[in-house]
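Asker:
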Amino acid sequence: MFDTALTVNDLLFLARGAGMTLLVTAIAVGLGTLMGIVFGVVRYQVGPWWGAPLTFFLDIFRSIPLLIQLVLANAFVTTVLGFRVSGFTVACGVLSLYTAAYCAEIVRGGIEAVPQTVRRAARSLGMSWGQDMTHIVLPLATRVALPSWIGLALGVMKDTSLVFVVQVVELLKSTQILITRLQEPLFLLLICGLFYFLISFPIARFGGYLEKKWLAND
Amino acid sequence: MIEIENVRKSFGSLEVLKGVSLTVPKGEVLTVIGGSGSGKSTLLTCINGLEPIDSGRILVDGVEVHAKGTDLNRLRRKIGIVFQQWNAFPHLTVLENVMLAQRKVLGRSRAEAEAEAVRQLKHVGLGDKLSVYPSRLSGGQQQRMAIARALAMSPDYMLFDEVTSALDPQLVGEVLDTLRMLAAEGMTMICVTHEMKFAREVSDRVAFFHQGVIAEIAPPEELFGAPRTPELQKFLAATV
Ligand SMILES: Nc1ncnc2c1ncn2[C@@H]1O[C@H](COP(=O)(O)OP(=O)(O)OP(=O)(O)O)[C@@H](O)[C@H]1O
Ligand SMILES: [Mg+2]
Chain Z
5 MFDTALTVND
15 LLFLARGAGM
25 TLLVTAIAVG
35 LGTLMGIVFG
45 VVRYQVGPWW
55 GAPLTFFLDI
65 FRSIPLLIQL
75 VLANAFVTTV
85 LGFRVSGFTV
95 ACGVLSLYTA
105 AYCAEIVRGG
115 IEAVPQTVRR
125 AARSLGMSWG
135 QDMTHIVLPL
145 ATRVALPSWI
155 GLALGVMKDT
165 SLVFVVQVVE
175 LLKSTQILIT
185 RLQEPLFLLL
195 ICGLFYFLIS
205 FPIARFGGYL
215 EKKWLAND
Chain X
1018 MIEIENVRKS
1028 FGSLEVLKGV
1038 SLTVPKGEVL
1048 TVIGGSGSGK
1058 STLLTCINGL
1068 EPIDSGRILV
1078 DGVEVHAKGT
1088 DLNRLRRKIG
1098 IVFQQWNAFP
1108 HLTVLENVML
1118 AQRKVLGRSR
1128 AEAEAEAVRQ
1138 LKHVGLGDKL
1148 SVYPSRLSGG
1158 QQQRMAIARA
1168 LAMSPDYMLF
1178 DEVTSALDPQ
1188 LVGEVLDTLR
1198 MLAAEGMTMI
1208 CVTHEMKFAR
1218 EVSDRVAFFH
1228 QGVIAEIAPP
1238 EELFGAPRTP
1248 ELQKFLAATV
């Protein structure tokens, strides 16, 4: 059907790119979510006034385009600080903070949605602040925050296509390399899109599954 | 014994408690009546330390609630409280609702906690709702679950804050019956309520709260039969 010069090796090359995309996404979303939960809880707990420095710090990551963050962070870490770190490390670091910045707001919103009356009931039973957080507040906040979080995770996955600027060859960069060589842009982009879909779809479905499961109880 | 000594408490410039003194001995059933906004809920949340106070002191079995070194989480184990608003943990089943604090706060094993939860839930008539989520319960059932949840901690005192006032009239009875049962079992209780008939039946004493102080306190026959202050006379006339 298709008359293509694409070889099995090229496909494997693309798959490796997809693997890199998946790896960077997993690290960034994993670390970013953990940090985001910590930042979000702190931000909620200390209130807007004391939380201002943290909010400002996180706002930096939310307002500067990721591409610029990557280039600047790379230059800063390698040239100014003189560390010998790989582009991969820089990419994961920047994307994690970027994810954390967004996630912190999602977490704070989720916590705020938990009714005070329910929390008072938990504390009245003798539960500590930490027990209330772990067993009541965070589980309930998760339900509220999940759709936004899924959106964030999928967004970060697509944003990983920018890490080529620090010499990380992920899915889109791999595709571009092949396009330059084979001159079959449409076909290659189609395959590339398919790979992205294969990565995203399970995440989106899993989110949908959880939502439905929780909805059944509410 | 709960001892409240000259407690004052303000929200901003609004002084809600203006020197409340009250002693509730073990075994007593005290009901608190009074107009809306007179500070009844505030008093209950001060007793278990959910709200700080400005002056005076509250002692529960000799432990000063608002003293610096007091371990409130430990103190709250012996003071159960049920609020006007339903506040089930919506992500847990009825059984899990009643088990959670037993396990995390009292350190009971799963089996112990479950046995106690089942016992208390049967006690309040929810033995057939164990694996149901709270959203499937009626308001009256939610309140009875909250009562079971508090009782499962084996408290020495129970505080009830208008637990029936958010309920449809036909559901009030089942919850009041549960309270009657507890009173009959000898539980020490402070019940804030608008149900005068209930107050008359179960109380050892009734306290009338008015503008941040206890304006009158007496056994029910006396308080309802021969109200002394004009405020109480007016309040009773308005509620009947
Ligand atoms: N957290 C709060 N912040 C500010 N004001 C409050 C707070 N809680 C209660 N108040 C005010 O304190 C006063 C007493 O409130 P409280 O809830 O104790 O009254 P109540 O006697 O329980 O009334 P009701 O019968 O309506 O429940 C009210 O005017 C209320 O608006
Ligand atoms: Mg009240």
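As given, the protein sequences belong to chains Z and X, one line each in that order. For what it's worth, the working numbering labels the leading residue of the first sequence as 5, then goes sequentially. For what it's worth, the working numbering labels the leading residue of the second sequence as 1018, then goes sequentially. Backbone N, C-alpha and C fix where the C-beta goes; we use that ideal spot for every residue, glycine too. Small disclaimer: the values here were computed from a predicted structure and weren't measured.
Assuming Z/Val170 contacts Z/Gly91 (C-beta within less than 8 Å), just tell me the rounded distance between them.
Answerer: 4 Å between Cβ atoms; contact.
Asker: Write down the C-beta distance between X/Pro1244 and X/Ser1220 rounded to the nearest angstrom, noting that I regard them as a contact closer than 8 Å.
Answerer: So it is not a contact: roughly 15 Å between Cβ atoms.
Asker: For the stretch 127-157 of chain Z, which residues have a beta carbon sitting closer than 8 Å to at least one beta carbon of chain X?
Answerer: Arg127, Ser128, Leu129, Gly130, Met131, Ser132, Gln135, His139, Ile140, Pro143, Leu144, Arg147
Asker: Listed from N- to C-terminal order along the chain, which residues in the stretch 65-91 of chain Z have their beta-carbon within a distance smaller than 7 Å of any beta-carbon of chain X?
Answerer: none
Asker: If you check the beta carbons only, do X/Ile1075 and X/Val1024 fall under 8 Å apart?
Answerer: yes
Asker: Is the Cβ-Cβ distance between X/Gly1097 and X/Leu1176 less than 8 Å?
Answerer: yes
Asker: What's the call for Z/Glu109, buried or exposed, on a 16-neighbour Cβ count within 10 Å?
Answerer: buried
Asker: With Z/Ser128 as the anchor, note down where its alpha helix (DSSP H) starts and where it stops.
Answerer: Residues 120-128.
Asker: Would you kindly work out how many angstroms separate the C-alpha atoms of X/Gln1102 and Z/Val28, rounded to a whole number?
Answerer: 46 Å
Asker: Mind listing which residues of the stretch 108-121 of chain Z have their C-beta closer than 8 Å to chain X's C-betas, in chain order?
Answerer: Pro119, Thr121
Asker: Are the CB atoms of X/Arg1093 and Z/Gly86 within a distance shorter than 8 Å?
Answerer: no
Asker: Give the residues whose C-beta lies closer than 5 Å to at least one heavy atom of ligand 1, in chain order.
Answerer: Taking every residue with its beta carbon within less than 5 Å of a heavy atom belonging to ligand 1 gives, in chain order, X/Phe1028, X/Val1033, X/Ser1053, X/Gly1054, X/Ser1055, X/Gly1056, X/Lys1057, X/Ser1058, X/Thr1059.
Asker: Using a Cβ cut-off of 8 Å (strictly closer), state whether X/Val1180 contacts chain A.
Answerer: Among the protein chains in the structure shown, which are Z and X, there is no chain A.
Asker: Indicate, with yes or no, if ligand 2 has a heavy atom lying under 7 Å from the CB of X/Gln1160.
Answerer: no
Asker: Might you give, ordered along the chain, the residues of its own chain that have their beta carbon closer than 7 Å to the beta carbon of X/Ser1038, omitting 5 neighbours on each side?
Answerer: Excluding sequence neighbours, X/Ser1038 sits near Ile1021, Glu1022, Asn1023.
Asker: Assuming Z/Thr103 contacts Z/Val42 (C-beta within less than 8 Å), just tell me the rounded distance between them.
Answerer: With a Cβ gap of about 13 Å, Z/Thr103 and Z/Val42 do not count as contacting.
Asker: Compute every distance between the C-beta of X/Glu1020 and the non-hydrogen atoms of ligand 2, then say whether any falls below 7 Å.
Answerer: no
Asker: List, from N- to C-terminal side, the alpha helix (DSSP H) runs of 4 residues or more that fit wholly inside the stretch 74-125 of chain Z.
Answerer: 91-116
Asker: So if DSSP puts X/Lys1026 in a beta bridge, which residue, or which two residues, is it bridged to?
Answerer: X/Leu1034
Asker: Rounded to the nearest angstrom, what separates X/Leu1249 and X/Gln1137 at their Cα positions?
Answerer: Looking at the two C-alpha atoms, the distance is approximately 37 Å.
Asker: Is the distance from the Cβ of Z/Ser165 to the Cβ of Z/Leu156 below 8 Å?
Answerer: no
Asker: With a threshold of 7 Å (Cβ to nearest heavy atom), would Z/Gln120 be considered close to ligand 4?
Answerer: In the structure on display, ligand 4 does not appear, and the ligands it does have are ligand 1 and ligand 2.
Asker: Determine the chain Z residues that contact X/Lys1002 at a beta-carbon separation under 7 Å, and present them in chain order.
Answerer: Outside the displayed range of chain X (1018 to 1257) lies residue 1002 of chain X, so it cannot be described from this structure.
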